[in-house]
DNA sequence: GCGGTTAACTTAAGCGGTTAACAAGCCCTC
DNA sequence: GAGGGCTTGTTAACCGCTTAAGTTAACCGC
């Protein structure tokens, strides 16, 4: 029978394998009650000198509070659930990365889940996150006006970031002024002489009166141009296929307005396949300003919303909501800034 | 004094606000002990009919086990800590998204942290993840051979994915055959007539004998070409600056080999600024095959490692390690596939 | 018909913290 | 000098679940 051991050899004097030091051990070492230690480590109710003594002992023993136990007792994990609408979208990947960084800087963890563009899944994942006891929920381009979100918002603070001017009760919102963005783009294209525009929208089951769609319709009517909405997956391969159909149609529109830069990349790919030159044979406008957009040929004309500030504000609102702080503005409106580059031209 | 209530109005008959149903309540409803219910819900030790009865009651009461309490009692959260080397790298963003999906499909959550390219931070974050009690740690392009990783691997299974042929004890590895990839690229460039190549590597404090660097040196010697290693940040703006310096130098190399596609985008941007044409004035090769790489002009010649399989294998190894299963191959070697496109040309 | 299994539950002791409630000591005040 | 109010601690009750160990009662072979 082979010698059993729970781990590899260990130098004498080192801490036991994966046995963490507990609060009780610190209490015993200091001759205090566990309660006193618990308070001391969080700087409450105890004298300066006791606090010092406890801290010292804790440090010596290498004590680190167990987040799970703490969560069970206190009701708060230090995790924020982050629900991404669709991580196939490169810009959302960027956003999630930025949000993760922001939260981590405040000693919180982002538990990021990807709804993959499916609204039903969004709600299911939101419930999973709630059940995971995250302290707050940060939902990205998601539409939390659906039935069922109330139950989520009841249980924990929800911060929305995206285009949803949702009626649902949220603890904060960072919203893109989509109407302004859409107006700006369509006016821009109109000014360049375009009269027929294809609008590539993310595929989501057609809620008939989705705000963005409505804005497009209104702006188109106002400007007197024809805008056709075409749903399109964010994944490049599929987006390329859809874009291909759009470009290959008979009498294709002169311009394609994409609701995300990722979709625009699909148009670039499709154009290349069809030997069309973006910025000459067809105009393309994106909607995110992803870093690589400026590397394309021609550089993609798009709408910048200020990703860094969005991530920072979202994190700030979320943390404030968790801590129950009052914030001056619970609703941050992001103004669009057109990044005019070479992909849209006069027709 | 205003009326206080804990939540918004609620229809009579609906469940109480954010009070979850507990195991005890199900136990009372069925007249069983909490233990019996606990067992029943996990299908152990109980009769078929009791199990059925419990399931029904649980469903009716809308019972959902509290993951925190479960974690405290059982010692396992259903979270996998995922440590990304640098999320500025677009390919790593893709990888993280894919890993997140894979794990979620298996009812586990990915707790993703970004080391931002800093090796010291890597270890610190790994410790944080361990303290968060994740069931396993999945480390992406990270070098776990450093001092201190042993303490991590002692406490939980560690799966490595990346180029690290690390000596540290891991529960599994998905490794890119970097030597093969580097050889392939340099041979390819050599075959095109290039004799001086700049190699853009991610900035990490210079561990003098990092494997990849060594491979470059060896391959260069063998082929008789001169390869200059230049560290470069993954963020596009900074990468562009570095690339700019590389391209502007006097007697610049004829080809730039980038250790990630993100770095290559920087070269494209720098080339455009300098009015150089990639694929004519300078050859560029990437190393990841990020989706957008094929959208660039010219499409980026790069090395594909099969992201989807990597993510799937990494998730599989991780789950296997958690469940203590034996796996046939604990070490998956990913072979490079050159995606030859238009960015590297004969000189 | 009797010890030995086994199936089906129950009991109860945690897991490692938090936190309300109470107690002791000390200083003031009236 | 009794009562009031701090400050500093302690006690003990959770938080909601898991699980080792114990209890019945039915079943079984001989």
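Residue numbers (this note's numbering), protein chains in the order written: chain A, 15 to 361; chain B, 15 to 361. Cβ atoms here follow ideal geometry from the backbone N, Cα and C, with glycine treated the same way.
| Query | Result |
| --- | --- |
| Between residue 305 of chain B and chain A, is the shortest Cβ-Cβ distance under 9 Å, so that the two count as touching? | yes |
| To the nearest angstrom, how far is it from the Cα of residue 253 of chain B to the Cα of residue 272 of chain B? | 11 Å |
| Going by DSSP in three states, residue 248 of chain B sits in which element: helix, strand or coil? | coil |
| Bridge partners of residue 214 of chain B, per DSSP? | B:244, B:272 |
| In the DSSP assignment, find the alpha helix (DSSP H) that holds residue 316 of chain A and state where it starts and stops. | Careful: residue 316 of chain A lies outside any alpha helix (DSSP H), inside the beta strand (DSSP E) at 316-318. |
| Check the Cβ of residue 78 of chain A against every Cβ in chain B and list those closer than 7 Å, keeping chain order. | 145 |
| Which whole-angstrom value is the C-beta distance of residue 147 of chain B and residue 85 of chain B, which I expect to be below 8 Å? | 6 Å |
| Which runs of the alpha helix (DSSP H) spanning at least 4 residues fall entirely within the region 35-102 of chain B, listed in chain order? | 37-44, 48-55, 62-75, 81-88 |
| For residue 356 of chain B, which of B:203, B:289, B:217, B:64 has the nearest alpha-carbon? | B:203 |
| For residue 307 of chain B, name the three-state secondary structure that DSSP assigns. | helix |
| Taking a Cβ distance cut-off of 7 Å, strictly less, list which residues of the region 274-292 of chain A are near chain B, in chain order. | 279, 282, 283 |
| Using a Cβ cut-off of 9 Å (strictly closer), state whether residue 83 of chain B contacts chain A. | yes |
| Please list the segments of the alpha helix (DSSP H) lying wholly inside the region 116-174 of chain A, counting only runs of 4 or more residues, in order along the chain. | 133-145, 163-169 |
| At a CB-CB cut-off below 9 Å, which residues of chain B make contact with residue 41 of chain A? | Residues of chain B passing the Cβ test: none, with the nearest at roughly 19 Å. |
| At a CB-CB cut-off below 7 Å, which residues of chain A make contact with residue 166 of chain B? | None at all; the shortest Cβ gap to chain A is about 10 Å. |
| Considering residue 228 of chain B, what are the terminal residues of the alpha helix (DSSP H) in which it resides? | 225-237 |
| For residue 347 of chain A, does the three-state DSSP call read helix, strand or coil? | strand |
| Counting contacts by CB-CB distance shorter than 9 Å, is residue 311 of chain B in contact with chain A? | yes |
| Alpha carbon to alpha carbon, what distance is there between residue 196 of chain A and residue 102 of chain A? | 22 Å |
| Is it buried or exposed for residue 361 of chain A, if we count other Cβ within 10 angstroms and need 16 for buried? | exposed |
| Indicate the three-state DSSP secondary structure (helix, strand or coil) for residue 337 of chain A in the structure shown. | coil |
| Among residues of its own chain, excluding the 5 on either side of residue 183 of chain A, which ones have a beta-carbon nearer than 6 Å to its beta-carbon? | 167 |
| Taking all protein chains shown into account, do 16 or more other C-beta atoms lie within 10 angstroms of the C-beta of residue 154 of chain A, making it buried, or fewer, making it exposed? | buried |
| What are the boundary residues of the alpha helix (DSSP H) that includes residue 205 of chain A? | 192-205 |
| Could you tell me which chain B residues have their CB closer than 8 Å to the CB of residue 140 of chain A, listed as they occur along the chain? | Going along chain B, no residue has its Cβ under 8 Å from residue 140 of chain A, so there is no contact; the nearest lies around 13 Å. |
| For residue 337 of chain B, would you say it is in contact with chain A, using Cβ-to-Cβ distances shorter than 9 Å as the test? | no |
| With burial defined as no fewer than 16 other Cβ atoms inside 10 Å of the residue's Cβ, what is the status of residue 304 of chain B: buried or exposed? | buried |
| With a threshold of 16 other CB atoms inside 10 Å of the CB of residue 374 of chain B, please say whether the residue is buried or exposed. | This structure leaves residue 374 of chain B out entirely; chain B is present only between 15 and 361. |
| Quick one, which of B:224, B:231, B:214 has its alpha-carbon nearest residue 5 of chain B's? | Given a span of 15 to 361 for chain B in the structure shown, any question on residue 5 of chain B remains unanswerable. |
| By how many angstroms is the C-alpha of residue 280 of chain A removed from the C-alpha of residue 358 of chain A? | 16 Å |
| Where does residue 186 of chain B sit, in a helix, a strand or coil, going by DSSP? | strand |
| Does DSSP put residue 298 of chain B in a helix, in a strand, or in coil? | strand |
| Could you check what DSSP says for residue 359 of chain B in three-state terms: helix, strand or coil? | coil |
| If you measure beta-carbon to beta-carbon, which residues of the region 111-125 of chain A are closer than 8 Å to chain B? | 111, 114, 115, 118, 123, 124, 125 |
| With 9 Å as the threshold, decide whether the Cβ of residue 187 of chain B is near any Cβ in chain A. | no |
| Could you confirm whether any beta carbon from chain B is found closer than 9 Å to the beta carbon of residue 31 of chain A? | Its pLDDT being 44, under 50, residue 31 of chain A is placed unreliably in this model, and the value from its coordinates should be taken loosely. It does; some Cβ of chain B falls within 9 Å. |
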